[in-house]
Amino acid sequence: MAWVNAIIQGILTGGLYALFACGLSLLFGIMKVVNLAHGDLAIVGAYIATGVIAVTHVPFLWSIPIMVVLMAALGYALQRSVIQAALNKGELATLIVTFGLSIVIENGLQRFFSANSRSIGTGSSLLSASFSAGSQIQIGWLPVGILGIAILVLLALQYFLSASRYGRMIRAVADDRDAALLSGINARHVFGIAAAISFGTVGLAGVAYGMSGQFSPTDGNSTILLWAFAAVVIGGLGSLWGTLLGGIVLGVAQQVGGQINISYEALAGYIIFLVVLVFRPQGLTARRTQS
Amino acid sequence: MLQLDHVTKRFGRVVIAEDLSFSVGAGDTVGIVGPNGVGKTSLFGLISGDLAPNSGQVSFAGKAVTKLDSAARCRLGIGRTYQVPRPFIDMTVFENVLVAAQQGGGLRRKASYAAAAEALERTGMTGEANLPASRLGLLQRKRLEIARAVATRPTLLLLDEVAGGLTDPEVAQLIEIIRAINAEGTAVIWIEHVVRALTALVDRLICLYGGAFIGDGEPAAVLANPKVREVYLGSDIETAAVESLSSPGGTTPRTPRGMSDEGPIISDMLKTDGESS
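So this is what it looks like as structure tokens:
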């Protein structure tokens, strides 16, 4: 039963990883930008949510849409300025620029909020509650809720991309940027929208992370970015639902590894990451030709 | 409508355009020919905004567009097809055209859907509207390329070898589609090696070579121009070809510049014309 519990907990953890990964995957799929500041932006989202609560005293749930809007605006502005300038010099330049952003964000957060860990207080006992699903299986409502939100976010993104005017523009630019320009699409604006979505979702992931435990300015680079990368690579670059599968596979691997020996938890995740890279480098869901 | 003033474009030592000037009026039909690799498609790039000239100015509809990108020029009314069709393969045929109608054509909601449906109907693609673009054959992809350009509601349509690789009946269908588009006042500039397709439509023919126009005028006059004939065949090649054809054991002449494997091309026509005269 302990193994079943590990698998269930792994699946639930996968929801959080999918939230981290979907924005990274979207940005790469559309702009071929590997955003090395992605993990730090999650932490920025968590700090913004706590800041909104502290300053405006709005209920916790209200802070989430405010944070998402602020993150989306930040994403659009950064894309149209710093990232686009780097993109004009080539895709490799974006690696350097986003790495620089990561350093600036991490040090900026340490400067203003100190290196101390903190968590997001929700004020709801339900989020720390759990229910039993057998004698040895306890399932927390919070991980279930995060998995549900991850699925909802992916469904919303899928609907947006397939049925909306902006979604079609994003798909066109992702498919063939030059042909999209010839169809009258303003690629820079489309990139800005994609960055806004990416920043908004990773901000949401940051809040989920801050609700699940403690967070600090250094978590973005040392932990979250690696999880997001692993989930994207396992699921398949540029595949939205692949990020959920990748997150779940990563989560289950970690939990099963931790079940064997607690010190194997992180190691098991990276082993499955390497196995996928070696035997199926295009990821579990992407077609080989796409890779 | 379209004006190129002293445009120069070079890629290293390769000259695409050397102090090139020409204009195209509303509703004109212009054909562009020239051997492979002289920069016909690059000339389209200079007009559509894919390429920036080293010097000179491009104007369209009375506005200087030299510094505008291809999306902005498309919204001003320049539609373009690619030589090798580049549909958005993860979209349906209808979505391909719809996105062009909405962004290039500046249409919204019902008007954009109607424009997309009309563009598909005019290019004979209504039956394939819901197919993924990845499942289309060559003719259908070329038609989709035209439909997507038409959906942007262009006043100038740039067609890049849309007849290449098609059968005679398919070429005839294509000409009718382009003629109908032109009949509504859309100017057409058409790069093509299938010369009989060009001469069936265009009023003016231009031959590009070495970054300059070595022929510009009535199609028949341009095709009879000795410079144009020399560029396509070359006296040495022509002699070798004639000798080879008259000798059963003769060697196969090397392919003249501008010849491809795709059906009758301008060099065929010039050669036939030259042999018969």
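Protein chains in written order, with this note's numbering: chain A, 1 to 291; chain B, 1001 to 1277. Virtual Cβ for every residue (Gly too), placed ideally from N, Cα, C.
### Query
Out of curiosity, what's the CA-to-CA distance linking M67 of chain A and P59 of chain A?
Along the first sequence, read from residue 1 onward, the residue named residue 67 of chain A stands at position 67. Along the first sequence, read from residue 1 onward, the residue named residue 59 of chain A stands at position 59. Going by the C-alpha atoms only, they are around 13 Å apart.
### Query
Can A205 of chain A and G269 of chain A be called in contact, C-beta distance under 9 Å?
Mapped onto the first sequence, residue 205 of chain A falls at position 205. Mapped onto the first sequence, residue 269 of chain A falls at position 269. Their beta carbons are not under 9 Å apart, which means A205 of chain A does not touch G269 of chain A by this criterion.
### Message
Between which two residues does the alpha helix (DSSP H) holding K32 of chain A run?
### Response
On the first sequence, residue 32 of chain A is found 32 positions in, with the first residue counted as 1. It is not in any alpha helix (DSSP H) - K32 of chain A carries neither H nor E in the DSSP assignment.
### Query
In angstroms, rounded to a whole number, what distance separates the CA positions of A1026 of chain B and P1087 of chain B?
Along the second sequence, read from residue 1 onward, the residue named residue 1026 of chain B stands at position 26. Along the second sequence, read from residue 1 onward, the residue named residue 1087 of chain B stands at position 87. So the two alpha carbons sit approximately 28 Å from each other.
### Any C-beta of chain A under 9 Å from that of M1001 of chain B
Taking the second sequence and counting its residues from 1, one reaches residue 1001 of chain B at position 1. False, the Cβ-Cβ gap to chain A never drops below 9 Å.
### Task
Quick one: list the residues of chain A neighbouring R1080 of chain B, beta-carbon separation under 8 Å, in chain order.
As a first step, residue 1080 of chain B is located in the second sequence; it is residue number 80 there, counting from the start. Those are L182, listed as they occur along chain A.
### Query
Residues of chain A with a CB under 9 Å from the CB of M1091 of chain B: which are they?
Residue 1091 of chain B sits at position 91 when you count from the first residue of the second sequence. Neighbours of M1091 of chain B on chain A, chain order: R168, R171, A172 and D175.
### Query
At what residues does the beta strand (DSSP E) containing Q1057 of chain B begin and finish?
The residue you call residue 1057 of chain B lines up with position 57 of the second sequence. From DSSP, the beta strand (DSSP E) with Q1057 of chain B extends over S1055 to F1060.
### Query
Can you find a C-beta in chain A that's less than 9 Å from the C-beta of G1049 of chain B?
As a position in the second sequence, residue 1049 of chain B is number 49, starting the count at 1. Answer yes: the Cβ-Cβ gap between G1049 of chain B and chain A drops below 9 Å somewhere.
### Query
Does the beta-carbon distance from A174 of chain A to I83 of chain A come in below 9 Å?
Working through the first sequence from its first residue, we reach residue 174 of chain A at position 174. Working through the first sequence from its first residue, we reach residue 83 of chain A at position 83. Their beta carbons are not under 9 Å apart, which means A174 of chain A does not touch I83 of chain A by this criterion.
### Query
Given a threshold of 16 other Cβ atoms within 10 Å of its Cβ, counted over all protein chains shown, does S954 of chain B qualify as buried or as exposed?
Nothing about residue 954 of chain B can be reported from this structure: the residues present for chain B run from 1001 to 1277 only.
### Query
Would you say the stretch 207-221 of chain A touches the stretch 112-119 of chain A, given that touching needs at least three Cβ pairs under 8 Å?
yes
### Query
A1017 of chain B and S1048 of chain B: beta carbons closer than 9 Å?
Indexing the second sequence from 1 puts residue 1017 of chain B at position 17. Indexing the second sequence from 1 puts residue 1048 of chain B at position 48. Not a contact, by the Cβ cut-off of 9 Å.
### Message
For a cutoff of 9 Å on Cβ pairs, would you count L1174 of chain B as touching chain A?
### Response
As a position in the second sequence, residue 1174 of chain B is number 174, starting the count at 1. No, L1174 of chain B lies away from the interface with chain A (no Cβ there is under 9 Å from its Cβ).
### Task
Go ahead and label A150 of chain A buried or exposed: buried means 16 or more other beta carbons lie within 10 angstroms of its beta carbon, across all protein chains shown.
Taking the first residue of the first sequence as 1, we reach residue 150 of chain A at position 150. By the 10 Å Cβ count, A150 of chain A comes out buried.
### Query
Nearest-angstrom Cα distance between F273 of chain A and L147 of chain A?
Looking up residue 273 of chain A in the first sequence gives position 273. Looking up residue 147 of chain A in the first sequence gives position 147. Whole-angstrom Cα-Cα distance: 21 Å.
### Message
So, with DSSP's three-state summary, where would you put F229 of chain A?
### Response
Locating residue 229 of chain A in the first sequence gives position 229, counting from the first residue. DSSP places F229 of chain A in helix when its eight states are reduced to three.
#### Entry: Pairwise C-alpha distance: I1189 of chain B and G100 of chain A
In the first sequence, counting from the first residue as 1, residue 100 of chain A sits at position 100. In the second sequence, counting from the first residue as 1, residue 1189 of chain B sits at position 189. Going by the C-alpha atoms only, they are around 47 Å apart.
### Task
Answer with yes or no whether the minimum CB distance from A1278 of chain B to chain A is below 9 Å.
What is shown of chain B runs 1001 to 1277, which leaves residue 1278 of chain B out entirely.
### Among B:T1199, B:Y1082 and B:I1214, the one whose alpha carbon lies nearest that of L1157 of chain B
Translated into positions along the second sequence, residue 1157 of chain B becomes position 157. For the residues B:T1199, B:Y1082 and B:I1214, the minimum Cα distance to L1157 of chain B belongs to B:Y1082.
### Query
G192 of chain A and Y76 of chain A look like a contact to me (Cβ under 8 Å); what is the Cβ gap, rounded to whole Å?
The residue given as residue 192 of chain A occupies position 192 in the first sequence. The residue given as residue 76 of chain A occupies position 76 in the first sequence. That belief holds up - the Cβ atoms of G192 of chain A and Y76 of chain A are roughly 4 Å apart, short of 8 Å.
### Message
I'd like the list of long-range same chain contacts for I53 of chain A, defined as Cβ closer than 7 Å, with 5 residues on each side in sequence excluded.
### Response
Here residue 53 of chain A corresponds to residue number 53 of the first sequence, with the count starting at 1. Here the set comprises F60 and S63.
### Query
From A:F160, A:A46 and A:I139, pick the residue whose C-alpha is nearest to that of I7 of chain A; which is it?
Numbered from 1 along the first sequence, position 7 holds the residue referred to as residue 7 of chain A. Comparing Cα-Cα distances from I7 of chain A to each of A:F160, A:A46 and A:I139, the minimum goes to A:I139.
### Message
Short of 8 Å Cβ to Cβ, which residues in the stretch 65-88 of chain A face chain B?
### Response
none
### Query
What separation, rounded to the nearest whole angstrom, lies between the Cα atoms of G1012 of chain B and V1038 of chain B?
Here the question's residue 1012 of chain B lines up with position 12 in the second sequence. Here the question's residue 1038 of chain B lines up with position 38 in the second sequence. Looking at the two C-alpha atoms, the distance is approximately 14 Å.
### L1068 of chain B versus F28 of chain A - alpha carbon distance
On the second sequence, position 68 is the one that residue 1068 of chain B refers to. On the first sequence, position 28 is the one that residue 28 of chain A refers to. Each residue's alpha carbon lies about 27 Å from the other.
### Within-9 Å CB hit, E1230 of chain B to chain A
Stepping through the second sequence from its first residue, residue 1230 of chain B is reached at position 230. By this cut-off, E1230 of chain B is not an interface position.
#### Entry: Identity of the residue in A:D219, A:G184 and A:K89 nearest L109 of chain A by Cα
Residue 109 of chain A sits at position 109 when you count from the first residue of the first sequence. The candidate whose alpha carbon is nearest that of L109 of chain A is A:D219.
### Task
To the nearest angstrom, report how far apart S1246 of chain B and R1229 of chain B are at their CA atoms.
Stepping through the second sequence from its first residue, residue 1246 of chain B is reached at position 246. Stepping through the second sequence from its first residue, residue 1229 of chain B is reached at position 229. Unreliable placement is indicated for S1246 of chain B, whose pLDDT of 36 sits below 50; the coordinate value is still reported in the next sentence. Near 21 Å, if we compare the C-alpha coordinates of R1229 of chain B and S1246 of chain B.
### Message
Please tell me whether Y1113 of chain B and A1100 of chain B are closer than 9 Å, where the distance is taken between their beta carbons.
### Response
By one-based count along the second sequence, residue 1113 of chain B stands at place 113. By one-based count along the second sequence, residue 1100 of chain B stands at place 100. Going by C-beta atoms, Y1113 of chain B is not nearer than 9 Å to A1100 of chain B.
### Task
Would you mind sorting M1091 of chain B into buried or exposed? The rule is 16 or more other CB atoms within 10 Å of its CB.
Locating residue 1091 of chain B in the second sequence gives position 91, where the first residue counts as 1. Under this definition M1091 of chain B is a buried residue.
### Query
Taking Cβ to Cβ, would you say M1001 of chain B is nearer than 9 Å to A1061 of chain B?
Within the second sequence, the letter at position 1 stands for residue 1001 of chain B. Within the second sequence, the letter at position 61 stands for residue 1061 of chain B. Contact: yes.
### Query
Nearest-angstrom Cα distance between A134 of chain A and Q9 of chain A?
As a working note, residue 134 of chain A is residue 134 in the first sequence. As a working note, residue 9 of chain A is residue 9 in the first sequence. For the record, residue 134 of chain A in the displayed sequence is Gly; it is not Ala. The alpha-carbon atoms of G134 of chain A and Q9 of chain A are separated by roughly 14 Å.
### Query
Between which two residues does the beta strand (DSSP E) harbouring Y1209 of chain B extend?
What you label residue 1209 of chain B is simply residue 209 of the second sequence in a count that begins at 1. That run of the beta strand (DSSP E) goes R1204 to Y1209.
### Query
In the DSSP assignment, what residue or residues form a beta bridge with K1063 of chain B?
Here residue 1063 of chain B is taken as the residue at index 63 of the second sequence, counted from 1. B:F1060.
### Task
Leaving aside the five residues before and after N1182 of chain B along the sequence, list all residues of the same chain whose C-beta is less than 6 Å from its C-beta, in chain order.
Along the second sequence, one-based indexing puts residue 1182 of chain B at 182. So the qualifying residues of the chain are T1029 and V1188.
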